[in-house]
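Heads up: the sequence shown begins at 44 in my numbering, then just goes up one per residue.
We put the beta carbon where it would ideally sit given N, CA and C, even for glycine.
Please read these numbers as outputs of a predicted model, since none were measured by experiment.
The block underneath contains the structure these notes are about, expressed in C-alpha cells.
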Amino acid sequence: MRIQQWQSRSANGRLQKRLQKELEEQRQAEEEAQHQRVAAEEAALQERRENEARLERQAQEEAERARQAQEEQAAAGAKVNDFLKANGFKGDVNAPKKGLL
C-alpha cells in the first residue's frame with residue numbers, strides 16, 4: 044500500500060513537473076510571438092515614416108523646380124519685352140491678350 048502511494052505521488056510529481064515545463068515553454072513561445080509582432084509593427088511604422096518623409100522631400104523638390112521654372116519664364120518674358128520696347132513696340136507682351144476686334 045505504501046509503495047503504491049509512493050509510486051502515485053512520484054508519478055503525480057513527474058506529471059506536474061512536465062506540465063509546468065510545458066506551460067513555461069508555451070509562455071515563452073507566446074512572449075516571443077508577441078515580441079515578433081511588436082518588432083514587425085515597429086518596422087512597418089518606420090518604413091511608413093521613411094516613405095512619408097521621402098514623398099515630402101519629393102514634393103518640396105518639385106515645388107522648388109516649378110518655382111524656378113516660373114522665375115526663368117518670367118525673366119525670359121522680361122527680356123523679350125525689353126527687346127521689343129527697345130525696337131519700338133508699344134505695350135506689354137506679358138499682358139493678357141484681348142479679343143481681335
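- Query: From Gln63 to Val81, what distance separates their C-alpha atoms?
  - Reply: 27 Å
- Going straight from the alpha carbon of Leu58 to that of Glu65, what length do you get? 10 Å
- Alpha carbon to alpha carbon, what distance is there between Glu90 and Arg97? 10 Å
- Message: Can you list, in chain order, the residues of its chain with a C-beta nearer than 7 Å to that of Leu144? Leave out the 5 residues immediately preceding and following it.
- Response: In this prediction, Leu144 scores a pLDDT of 44, lower than 50, which makes its location untrustworthy; the coordinate-derived value is nonetheless stated afterwards. There are no such residues.
- 8 Å CB neighbourhood of Lys133 in its chain, flanking five on each side removed: none
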